[in-house]
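Mapped onto my numbering, the consecutive letters of the sequence shown carry residue numbers 421 to 561.
The block underneath contains the structure these notes are about, expressed in structure tokens.
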Amino acid sequence: MTVDSIVINASPEQVWAALLAGTGGWYFDNRIESSWVVGEPVTNYGPAGDIHIHGVVVAIEPQKRLVTTFRPVWVESVSGAPTTEVEWRLTPIGPLTRVTLTHRGLPIQSPVATEIAEGWVYLLSNLKTVLETGKRMPPPV
421 MTVDSIVINA SPEQVWAALL AGTGGWYFDN RIESSWVVGE PVTNYGPAGD
471 IHIHGVVVAI EPQKRLVTTF RPVWVESVSG APTTEVEWRL TPIGPLTRVT
521 LTHRGLPIQS PVATEIAEGW VYLLSNLKTV LETGKRMPPP V
């Protein structure tokens with residue numbers, strides 16, 4: 421399990437809108453499509469339109485909590501990974517929001533877990549940067 425957290429100078433409503441928008445540059449150059457209804461699919465498309473992640477909405481509490489399944493398929497090295505669960509929690513701290521991301525079910529100390537965990541650190545930082553400055557961070561090398 422990986423748990424990462426960051427505080428963003430934005431309201432829970434602003435953070436929630438960015439999470440569900442499906443675009444906006446914080447999630448690499450990917451596009452996320454979903455109706456955001458429990459039981460419905462969540463599909464993450466790469467810049468070329470190929471599917472990177474399959475998922476299903478497990479739980480949703482607007483401006484507070486979003487849980488989806490997560491099955492990566494963006495490259496062969498991760499496509500054999502098991503379906504796991506990602507939870508986003510938004511906690512207001514005055515005018516700020518603490519975003520806590522928990523990824524459950526990743527194989528411990530596997531190359532897949534390492535790659536995905538490093539990606540989450542970048543994505544949380546980029547979400548913060550986009551919401552606070554309107555600009556994206558450069559992509560990781």
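By construction, the Cβ of each residue, glycine as well, lies at the ideal position given by its N, Cα and C atoms.
Where residue i falls: helix, strand or coil (DSSP)
i, result
"Gly539", "helix"
"Asn464", "strand"
"Pro527", "coil"
"Pro432", "helix"
"Ser455", "coil"
"Ala501", "coil"
"Val423", "strand"
"Thr553", "helix"
"Thr534", "helix"
Burial state of residue i (16 or more Cβ within 10 Å)
i, result
"Asn464", "buried"
"Thr534", "exposed"
"Thr517", "buried"
"Pro492", "buried"
"Gly459", "exposed"
"Ala468", "exposed"
Whole-number beta carbon distance between residue j and residue i, since they are thought to touch under 8 Å
i, j, result
"Thr503", "Thr489", "5 Å"
"Glu505", "Arg485", "12 Å between Cβ atoms; not a contact."
"Pro512", "Pro432", "5 Å"
Cα-Cα separation between residue i and residue j, rounded to whole angstroms
i, j, result
"Trp494", "Asp470", "8 Å"
"Ala441", "Gly525", "26 Å"
"Ile428", "Trp436", "12 Å"
"Glu481", "Glu538", "26 Å"
"Glu552", "Tyr542", "15 Å"
"His474", "Ser454", "11 Å"
"Lys555", "Val532", "29 Å"
"Ser425", "Met557", "18 Å"
Among the options, nearest to residue i - alpha-carbon criterion
i, options, result
"Thr549", "Gln434, Gly459 and Thr422", "Gln434"
"Ile528", "Trp540, Ala501 and Leu510", "Ala501"
"Val423", "Val519, Val478 and Pro558", "Val519"
"Ser497", "His472, Leu544 and Val477", "His472"
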